[in-house]
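Residues 1469 to 1726, numbered by the numbering used here, are exactly what the sequence shown covers, in order.
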Amino acid sequence: MIQRFTPIEEKRNLTLSADQIDSFNKNGFVIIRGLYTEEEIELIINLRDESERKVQVNGESFKIDRAFYDVEKVRDIESEKSVTLRKIQEVYSSESDFRKVSSSNKILDIVQDLIGDTIYYHSSKLMCKNPGGRRKPWHQDYAYWPDMNNTNQVTVWAAIEPSTRENGCIQIIPGSHKRGLIDHYQGEDYMINEDNIENENIEYAVMEPGDILFFNVLALHASDPNCSDKPRLATIIDFDSNPKPHAAEYGDEQPLRC
1469 MIQRFTPIEE KRNLTLSADQ IDSFNKNGFV IIRGLYTEEE IELIINLRDE SERKVQVNGE
1529 SFKIDRAFYD VEKVRDIESE KSVTLRKIQE VYSSESDFRK VSSSNKILDI VQDLIGDTIY
1589 YHSSKLMCKN PGGRRKPWHQ DYAYWPDMNN TNQVTVWAAI EPSTRENGCI QIIPGSHKRG
1649 LIDHYQGEDY MINEDNIENE NIEYAVMEPG DILFFNVLAL HASDPNCSDK PRLATIIDFD
1709 SNPKPHAAEY GDEQPLRC
(Lines of atoms letter the chains of each structure in order from A and count residues from 1; the text may use other names and numbers.)
(Lines give C-alpha, C1' and ligand atoms only; values in the text may rest on other atoms or scores of the structure.)
Protein backbone atom coordinates (compact mmCIF):
# COMPACT_ATOMS: atom_id res chain seq x y z
CA MET A 1 0.00 0.00 0.00
CA ILE A 2 1.32 3.46 -0.91
CA GLN A 3 1.93 5.76 2.04
CA ARG A 4 -0.52 8.62 2.61
CA PHE A 5 0.48 12.11 3.66
CA THR A 6 -0.65 15.53 4.84
CA PRO A 7 -0.44 18.06 1.97
CA ILE A 8 1.34 21.39 2.32
CA GLU A 9 -1.15 23.89 3.74
CA GLU A 10 -2.57 26.08 1.00
CA LYS A 11 -4.64 29.25 1.16
CA ARG A 12 -7.09 28.26 -1.56
CA ASN A 13 -7.81 25.61 -4.13
CA LEU A 14 -7.43 26.33 -7.83
CA THR A 15 -9.85 25.06 -10.46
CA LEU A 16 -9.80 25.35 -14.23
CA SER A 17 -11.98 27.69 -16.23
CA ALA A 18 -14.47 26.34 -18.77
CA ASP A 19 -12.15 27.53 -21.56
CA GLN A 20 -9.21 25.63 -20.07
CA ILE A 21 -11.25 22.44 -19.77
CA ASP A 22 -12.52 22.85 -23.34
CA SER A 23 -8.93 23.36 -24.52
CA PHE A 24 -7.84 20.17 -22.77
CA ASN A 25 -10.69 18.18 -24.29
CA LYS A 26 -9.99 19.60 -27.77
CA ASN A 27 -6.18 19.56 -27.79
CA GLY A 28 -5.39 16.85 -25.25
CA PHE A 29 -3.37 19.16 -23.02
CA VAL A 30 -3.36 22.42 -21.09
CA ILE A 31 -0.52 24.38 -19.45
CA ILE A 32 -1.11 26.16 -16.14
CA ARG A 33 1.55 28.80 -15.48
CA GLY A 34 3.14 29.37 -12.07
CA LEU A 35 1.21 26.64 -10.27
CA TYR A 36 4.03 25.39 -8.06
CA THR A 37 5.22 27.85 -5.42
CA GLU A 38 8.85 28.72 -4.74
CA GLU A 39 8.63 26.56 -1.61
CA GLU A 40 7.43 23.57 -3.61
CA ILE A 41 10.09 24.06 -6.27
CA GLU A 42 12.76 24.23 -3.56
CA LEU A 43 11.51 20.98 -2.01
CA ILE A 44 11.92 19.16 -5.31
CA ILE A 45 15.36 20.66 -6.00
CA ASN A 46 16.46 19.58 -2.51
CA LEU A 47 15.06 16.11 -3.22
CA ARG A 48 17.12 15.93 -6.42
CA ASP A 49 20.26 17.10 -4.61
CA GLU A 50 19.81 14.60 -1.76
CA SER A 51 19.15 11.81 -4.26
CA GLU A 52 22.33 12.77 -6.11
CA ARG A 53 24.25 12.38 -2.85
CA LYS A 54 22.78 8.88 -2.47
CA VAL A 55 23.87 8.08 -6.02
CA GLN A 56 27.44 9.17 -5.28
CA VAL A 57 27.53 6.90 -2.22
CA ASN A 58 26.12 3.90 -4.11
CA GLY A 59 27.96 4.49 -7.37
CA GLU A 60 25.30 2.67 -9.38
CA SER A 61 21.53 2.35 -9.83
CA PHE A 62 19.59 1.12 -6.79
CA LYS A 63 16.09 0.66 -5.37
CA ILE A 64 14.38 1.94 -2.23
CA ASP A 65 11.05 0.18 -1.78
CA ARG A 66 9.34 0.48 -5.20
CA ALA A 67 11.44 3.47 -6.27
CA PHE A 68 14.25 2.88 -8.78
CA TYR A 69 17.11 5.41 -8.74
CA ASP A 70 18.49 5.24 -12.27
CA VAL A 71 22.00 6.57 -12.93
CA GLU A 72 23.92 7.34 -16.11
CA LYS A 73 27.55 8.02 -16.92
CA VAL A 74 28.65 11.64 -16.65
CA ARG A 75 29.41 13.03 -20.11
CA ASP A 76 31.62 15.90 -18.90
CA ILE A 77 35.19 14.53 -18.91
CA GLU A 78 36.25 17.30 -16.51
CA SER A 79 33.71 16.26 -13.87
CA GLU A 80 34.91 14.59 -10.68
CA LYS A 81 31.84 12.30 -10.82
CA SER A 82 31.65 9.18 -12.97
CA VAL A 83 27.86 8.74 -12.65
CA THR A 84 24.90 11.01 -11.96
CA LEU A 85 21.18 10.65 -11.30
CA ARG A 86 19.11 10.31 -14.49
CA LYS A 87 15.66 9.69 -13.01
CA ILE A 88 13.76 8.17 -10.12
CA GLN A 89 11.00 5.82 -11.27
CA GLU A 90 8.10 5.45 -8.80
CA VAL A 91 9.52 8.29 -6.70
CA TYR A 92 6.06 8.79 -5.15
CA SER A 93 6.50 5.60 -3.11
CA SER A 94 9.75 6.61 -1.41
CA GLU A 95 9.88 10.41 -1.13
CA SER A 96 7.38 12.25 1.08
CA ASP A 97 8.27 15.69 -0.30
CA PHE A 98 7.45 14.49 -3.80
CA ARG A 99 4.05 13.30 -2.58
CA LYS A 100 3.35 16.58 -0.79
CA VAL A 101 4.08 18.63 -3.88
CA SER A 102 2.82 16.46 -6.72
CA SER A 103 -0.52 15.41 -5.26
CA SER A 104 -1.47 18.46 -3.20
CA ASN A 105 -5.06 19.68 -3.13
CA LYS A 106 -4.52 22.25 -5.87
CA ILE A 107 -3.15 19.57 -8.20
CA LEU A 108 -5.94 17.12 -7.43
CA ASP A 109 -8.55 19.87 -7.92
CA ILE A 110 -7.34 20.34 -11.49
CA VAL A 111 -7.07 16.60 -12.12
CA GLN A 112 -10.64 16.28 -10.85
CA ASP A 113 -11.76 18.84 -13.44
CA LEU A 114 -10.11 16.74 -16.17
CA ILE A 115 -10.90 13.10 -15.32
CA GLY A 116 -13.76 13.28 -12.82
CA ASP A 117 -14.34 12.97 -9.09
CA THR A 118 -12.57 9.66 -8.47
CA ILE A 119 -8.77 9.87 -8.61
CA TYR A 120 -6.21 7.10 -8.19
CA TYR A 121 -2.45 7.42 -8.23
CA HIS A 122 -0.92 5.56 -11.18
CA SER A 123 2.83 6.21 -11.60
CA SER A 124 5.55 8.83 -11.16
CA LYS A 125 9.06 9.98 -12.06
CA LEU A 126 11.59 12.61 -11.12
CA MET A 127 13.32 13.32 -14.44
CA CYS A 128 16.68 15.12 -14.52
CA LYS A 129 17.46 15.18 -18.30
CA ASN A 130 21.09 16.10 -17.77
CA PRO A 131 23.23 17.95 -20.35
CA GLY A 132 23.62 15.64 -23.33
CA GLY A 133 20.54 13.69 -22.30
CA ARG A 134 19.06 11.74 -25.20
CA ARG A 135 15.88 12.48 -27.12
CA LYS A 136 12.62 10.76 -26.30
CA PRO A 137 10.93 9.69 -29.56
CA TRP A 138 7.26 10.26 -30.34
CA HIS A 139 5.00 8.04 -28.26
CA GLN A 140 1.82 7.77 -26.22
CA ASP A 141 2.11 6.96 -22.52
CA TYR A 142 -0.77 4.49 -22.78
CA ALA A 143 1.34 2.24 -25.02
CA TYR A 144 3.83 1.73 -22.17
CA TRP A 145 1.21 0.25 -19.85
CA PRO A 146 -0.29 -2.88 -21.45
CA ASP A 147 -2.01 -3.83 -18.19
CA MET A 148 -4.07 -0.61 -18.17
CA ASN A 149 -7.76 -0.83 -19.01
CA ASN A 150 -8.65 2.85 -18.98
CA THR A 151 -7.69 5.88 -21.09
CA ASN A 152 -9.29 8.39 -18.72
CA GLN A 153 -5.91 9.27 -17.28
CA VAL A 154 -3.91 12.48 -17.07
CA THR A 155 -0.16 13.07 -16.88
CA VAL A 156 0.99 16.02 -14.77
CA TRP A 157 4.38 17.22 -16.06
CA ALA A 158 5.85 20.04 -13.96
CA ALA A 159 8.89 22.15 -14.82
CA ILE A 160 11.17 22.56 -11.80
CA GLU A 161 13.91 24.19 -13.85
CA PRO A 162 13.41 26.08 -17.13
CA SER A 163 12.22 23.81 -19.95
CA THR A 164 13.34 25.22 -23.31
CA ARG A 165 13.76 24.08 -26.89
CA GLU A 166 17.52 23.95 -26.30
CA ASN A 167 17.32 21.61 -23.31
CA GLY A 168 14.60 19.35 -24.70
CA CYS A 169 11.20 20.67 -23.66
CA ILE A 170 8.12 18.53 -24.27
CA GLN A 171 6.72 18.62 -27.80
CA ILE A 172 3.07 17.69 -28.24
CA ILE A 173 0.63 17.33 -31.14
CA PRO A 174 -2.74 19.03 -30.47
CA GLY A 175 -5.73 16.73 -30.92
CA SER A 176 -3.63 13.57 -31.27
CA HIS A 177 -5.36 12.00 -28.25
CA LYS A 178 -8.46 11.57 -30.42
CA ARG A 179 -6.66 9.12 -32.74
CA GLY A 180 -6.79 6.27 -30.24
CA LEU A 181 -3.86 4.01 -29.50
CA ILE A 182 -1.30 4.08 -32.33
CA ASP A 183 0.98 1.13 -33.08
CA HIS A 184 4.36 1.35 -31.34
CA TYR A 185 7.54 -0.61 -31.97
CA GLN A 186 10.93 -1.01 -30.29
CA GLY A 187 13.32 1.29 -32.14
CA GLU A 188 15.71 3.65 -30.38
CA ASP A 189 12.98 3.52 -27.72
CA TYR A 190 9.38 2.30 -27.64
CA MET A 191 7.93 4.66 -30.23
CA ILE A 192 5.61 5.26 -33.16
CA ASN A 193 6.62 5.40 -36.81
CA GLU A 194 7.94 8.96 -37.24
CA ASP A 195 8.04 9.07 -41.05
CA ASN A 196 5.35 11.77 -41.30
CA ILE A 197 6.01 13.68 -38.07
CA GLU A 198 7.33 16.73 -39.94
CA ASN A 199 3.83 17.21 -41.38
CA GLU A 200 2.27 17.47 -37.93
CA ASN A 201 1.31 20.68 -36.12
CA ILE A 202 3.84 20.36 -33.31
CA GLU A 203 3.68 22.65 -30.27
CA TYR A 204 6.68 23.19 -27.99
CA ALA A 205 5.81 23.38 -24.30
CA VAL A 206 8.37 25.99 -23.24
CA MET A 207 7.94 26.37 -19.49
CA GLU A 208 9.34 28.27 -16.53
CA PRO A 209 9.84 26.73 -13.07
CA GLY A 210 6.42 26.11 -11.52
CA ASP A 211 4.56 25.81 -14.84
CA ILE A 212 2.66 22.53 -15.25
CA LEU A 213 1.56 20.68 -18.38
CA PHE A 214 -1.50 18.43 -17.99
CA PHE A 215 -1.97 16.02 -20.89
CA ASN A 216 -4.10 13.04 -21.88
CA VAL A 217 -2.57 9.56 -21.74
CA LEU A 218 -3.13 9.20 -25.52
CA ALA A 219 -1.55 12.53 -26.51
CA LEU A 220 1.44 12.12 -28.82
CA HIS A 221 4.52 13.76 -27.33
CA ALA A 222 8.32 13.70 -27.52
CA SER A 223 11.42 15.65 -26.53
CA ASP A 224 14.73 16.49 -28.22
CA PRO A 225 18.17 15.94 -26.65
CA ASN A 226 19.37 18.35 -24.00
CA CYS A 227 21.86 20.44 -25.98
CA SER A 228 22.43 22.93 -23.15
CA ASP A 229 24.95 22.83 -20.30
CA LYS A 230 22.26 22.62 -17.60
CA PRO A 231 19.80 19.89 -16.53
CA ARG A 232 16.06 20.05 -17.20
CA LEU A 233 14.51 18.91 -13.91
CA ALA A 234 10.84 17.93 -13.94
CA THR A 235 8.32 16.00 -11.88
CA ILE A 236 5.93 13.62 -13.63
CA ILE A 237 2.92 11.99 -12.03
CA ASP A 238 0.00 10.16 -13.62
CA PHE A 239 -3.52 9.94 -12.23
CA ASP A 240 -6.22 7.46 -13.25
CA SER A 241 -9.99 7.41 -12.73
CA ASN A 242 -9.88 3.62 -12.19
CA PRO A 243 -8.15 1.51 -9.54
CA LYS A 244 -5.16 -0.65 -10.30
CA PRO A 245 -6.15 -3.73 -12.32
CA HIS A 246 -5.43 -7.08 -10.69
CA ALA A 247 -1.72 -7.97 -10.92
CA ALA A 248 -0.88 -4.70 -12.74
CA GLU A 249 2.57 -3.24 -12.14
CA TYR A 250 1.40 0.36 -11.76
CA GLY A 251 -1.50 2.00 -9.99
CA ASP A 252 -3.15 1.92 -6.59
CA GLU A 253 -6.22 0.21 -5.17
CA GLN A 254 -7.16 3.04 -2.81
CA PRO A 255 -8.36 6.37 -4.25
CA LEU A 256 -6.82 9.71 -3.38
CA ARG A 257 -10.29 11.18 -3.91
CA CYS A 258 -13.69 9.69 -4.47
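By construction, the Cβ of each residue, glycine as well, lies at the ideal position given by its N, Cα and C atoms.
Answer with buried or exposed for residue i, where buried requires no fewer than 16 other C-beta atoms within 10 angstroms of its C-beta.
i: C1726; result: exposed
i: V1525; result: exposed
i: S1564; result: exposed
i: A1673; result: buried
i: K1555; result: buried
i: S1550; result: exposed
i: N1617; result: exposed
Identify whether residue i lies in helix, strand or coil by the three-state DSSP scheme.
i: H1607; result: strand
i: K1479; result: Bear in mind that the predicted position of K1479 carries a pLDDT of just 45, short of 50, making it unreliable; the figure below should be weighed with that in mind. Residue state, collapsed to three classes: coil.
i: D1490; result: helix
i: R1725; result: strand
i: D1706; result: strand
i: E1508; result: helix
i: K1593; result: strand
i: R1647; result: helix
i: Y1672; result: strand
i: S1561; result: helix
i: V1525; result: helix
Could you give the residue range of the beta strand (DSSP E) that holds residue i?
i: E1629; result: Premise fails: E1629 is in no beta strand (DSSP E) and is neither H nor E.
i: I1499; result: F1497 to I1500
i: I1578; result: Premise fails: I1578 lies in the alpha helix (DSSP H), N1573 to I1583, not in any beta strand (DSSP E).
i: L1681; result: I1680 to N1684
Kindly indicate the opening and closing residues of the alpha helix (DSSP H) around residue i.
i: D1657; result: It is not in any alpha helix (DSSP H) - D1657 carries neither H nor E in the DSSP assignment.
i: S1570; result: S1564 to S1570
Any idea which residues DSSP pairs residue i with across the strands?
i: Y1537; result: F1530 and I1556
i: H1689; result: H1607 and I1640
Relative to the C-alpha of residue i, which residue among the options is closest?
i: E1676; options: I1575, G1502 and I1670; result: G1502
i: S1631; options: P1605, V1624 and K1597; result: K1597
i: I1638; options: L1701, V1539, E1548 and Y1612; result: L1701
i: S1644; options: L1515, Y1658, I1500 and N1669; result: N1669
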